[in-house]
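If you're matching positions, the sequence shown starts at 1 in UniProt numbering and goes up one per residue.
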Amino acid sequence: MRIRIVDAFTERPFAGNPAGVVILDTDTFPDDGWLQRVASEVNLAETAFAHPLPEAAEADWALRWFTPVTEAPMCGHATLATTHVLKTTGAATGTVRFATLSGVLSATADDGGSITLDFPTAALTALPVPQQTAEVAGALGAEIVSAHHAGPHIDDLLIELADEKTVRALAPDLAALKRISHRGVIVTAAAEDPTRGYDFVSRMFAPAVGIDEDPVTGSAHTALAPYWSARFGRDELTGLQVSARSGLVRTVLRGDRTLLTGGAVTVIDGELLA
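Pasting the structure below:
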């Protein structure tokens with residue numbers, strides 16, 4: 001079967017977040033062990049597996065995501081990558097609906113090639129600083145301005161730091177972060193200069209699920225969007241994830257749903273032999 005590597009949330013190759021994509025021609029998923037072994041072999045933040053559903057189903061495709069070590073309940077960049085493959089190969093047209101562990105998620109491509117994902121907005125619960133954040137602050141090596149838990153689908157800590165420079169310079173203790181009982185830690189700050197085309201910056205660390213630093217995390221923006229929209233008083237924002245590869249995520253907050261828009265580029269198209 002075919003396996004592709006797609007860079008998501010970017011318009012150019014070797015940037016954004018790479019995801020493995022396997023489109024199955026069966027009506028069920030293979031054994032979970034095989035799915036996990038393939039994801040471990042690909043060794044990217046996520047590998048997506050999709051198979052078509054019958055016409056009477058609530059969605060068009062079933063979709064699952066795996067990190068190198070575990071199944072993920074939600075993944076934005078691998079959903080965008082999967083949609084890109086379905087569109088560019090002619091396997092799907094119009095809006096594509098995916099049945100996932102996070103419910104039915106939809107994706108729509110525009111004429112310019114950008115893809116918009118419709119995801120559930122994360123619920124944010126404020127955490128006292130420093131009472132409940134001392135361990136996180138120690139692992140990050142930075143003073144925390146505010147902290148929230150983001151759930152239910154992503155189970156991340158959303159941490160605001162002092163400024164963009166602090167987020168960019170961060171060199172956390174990954175072993176210490178791995179001991180924190182959440183999927184990952186999102187760090188963020190307002191853009192130093194909004195005229196550069198983005199409103200806020202972020203980075204995402206998730207060593208507990210086999211991802212030391214995720215290059216561009218779509219699902220994290222379901223928490224970042226409501227957080228910064230409340231701060232700026234605007235429903236439409238652009239986030240820049242300032243990892244080494246970097247990538248832009250355009251967000252639109254619509255109550256309990258968040259729209260995430262970005263581009264994608266296929267960089268590898270090969271054959272899976274095992």
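Each residue gets a CB set at the ideal place from its N, CA and C atoms; glycine is no exception.
Indicate whether residue i and residue j have their beta-carbon atoms separated by less than 8 Å.
i: Leu161; j: Val167; result: yes
i: Leu170; j: Ala139; result: no
i: Ala122; j: Pro130; result: no
i: Phe205; j: Gly184; result: yes
i: Phe98; j: Gly262; result: no
i: Glu41; j: Ala72; result: no
i: Asp269; j: Arg64; result: no
i: Val145; j: Val85; result: no
i: Thr116; j: Val96; result: no
i: Gly210; j: Thr93; result: no
Between residue i and residue j, what straight-line distance do the alpha-carbon atoms span, to the nearest angstrom?
i: Leu124; j: Gly90; result: 38 Å
i: Asp235; j: Leu260; result: 12 Å
i: Val187; j: Glu213; result: 11 Å
i: Tyr227; j: Glu58; result: 31 Å
i: Leu127; j: Phe232; result: 21 Å
i: Asp199; j: Arg179; result: 31 Å
i: Glu164; j: Ala147; result: 16 Å
i: Arg257; j: Asp118; result: 7 Å
i: Trp61; j: Ser243; result: 31 Å
i: Pro68; j: Trp34; result: 12 Å
i: Thr100; j: Ala50; result: 10 Å
i: Ala264; j: Arg12; result: 8 Å
i: Val267; j: Arg4; result: 8 Å
i: Gly25; j: Ser102; result: The question names Gly, yet the displayed sequence has Asp at residue 25. When rounded, the distance between both Cα atoms is 23 Å.
i: residue 276; j: Leu157; result: The chain is shown only over 1 to 274; residue 276 falls outside these bounds and no answer can be derived.
i: Leu237; j: Ala225; result: 7 Å
i: Arg203; j: Pro172; result: 11 Å
i: residue 315; j: Ala134; result: Given that the chain is displayed from residue 1 to residue 274, the structure contains no residue 315 and the question cannot be resolved.
Take the Cβ of residue i as the centre, count every other Cβ of all protein chains shown within 10 Å, and call the residue buried at 16 or more, exposed below.
i: Arg37; result: exposed
i: Leu44; result: buried
i: Ile159; result: buried
i: Ser181; result: exposed
i: Ala81; result: buried
i: Asp111; result: exposed
i: Gly247; result: buried
i: Gly76; result: buried
i: Ala56; result: exposed
i: Ala142; result: buried
i: Ala191; result: buried
Measure how close the beta-carbons of residue i and residue j come, nearest whole angstrom, since I'm counting them as under 8 Å.
i: Ala48; j: Ala78; result: 4 Å
i: Val6; j: Ala15; result: Wrong, their Cβ atoms sit about 12 Å apart, outside the cutoff.
i: Pro215; j: Gln241; result: 7 Å
Legend entry - Segment contact flag, the stretch 213–227 with the stretch 240–256, C-beta cutoff 8 Å, min 3 pairs: Judged by Cβ distances under 8 Å, the stretch 213–227 makes contact with the stretch 240–256, as three or more pairs qualify.
Legend entry - Cβ contact check for the stretch 141–161 and the stretch 104–114: 3 or more pairs under 8 Å: no
Legend entry - Segment contact flag, the stretch 195–207 with the stretch 27–42, C-beta cutoff 8 Å, min 3 pairs: As far as the Cβ criterion goes, the stretch 195–207 does not touch the stretch 27–42, which means the pair count is below three.
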